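K.L.:
In this note's numbering, the protein residues as written are 2 to 138.
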């Protein structure tokens, strides 16, 4: 996935190589012990969340949805608060980074996170345009 440069700069992260154009297709529930400790520490430090669920998703190539790019997101989602912390890690960036989004579900968290951090394929005067299949939004 192409990440907006200012998002990487904000987290003092830089690409080590060109990032692939990929996408995430849903999240899978996981136990907290399988999540990156940096994500759990961020949630403990930056919020008053006491009940949250963990999820993961792997990024797949945009051109071939059977091949992983190596990127991974981990999500800690609070249904009660309607917020999620999302950690993005990719072998082609210098470090993982965490962003927060308001959402109604783990899948919605992934959608909102992509809207926030993804560098769009086309940018117009009316905002970003993502090409999805035969249509655009």
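In this text, a Cβ means the ideal position worked out from N, Cα and C, and glycines have one as well.
For clarity, every value in this text was computed on a predicted model and none was experimentally measured.
From what residue to what residue does the beta strand (DSSP E) around residue 58 run?
P.N.:
54-62 is the extent of the beta strand (DSSP E) around residue 58.
K.L.:
Quick one: what does DSSP say residue 92 is sitting in, helix, strand or coil?
P.N.:
The answer is coil: DSSP assigns residue 92 none of H, G, I, E or B.
K.L.:
For residue 113, which of 84, 92 and 93 has the nearest alpha-carbon?
P.N.:
Checked all of 84, 92 and 93; the closest Cα to residue 113 is 84.
K.L.:
Report the three-state DSSP secondary structure of residue 111 (helix, strand or coil).
P.N.:
Residue state, collapsed to three classes: helix.
K.L.:
Taking the straight line between their C-alpha atoms, what separation do you get for residue 74 and residue 57?
P.N.:
Rounded to whole angstroms, residue 74 to residue 57 spans 6 Å at the Cα level.
K.L.:
Bridge partners of residue 120, per DSSP?
P.N.:
In DSSP, residue 120 forms no bridge with anything.
K.L.:
Looking at the strands, I want to know which residues DSSP matches up with residue 72.
P.N.:
For residue 72, which the question treats as bridged, DSSP gives no partner whatsoever.
K.L.:
Identify which residue in 118, 108, 119 and 60 has its Cα closest to the Cα of residue 91.
P.N.:
For the residues 118, 108, 119 and 60, the minimum Cα distance to residue 91 belongs to 60.
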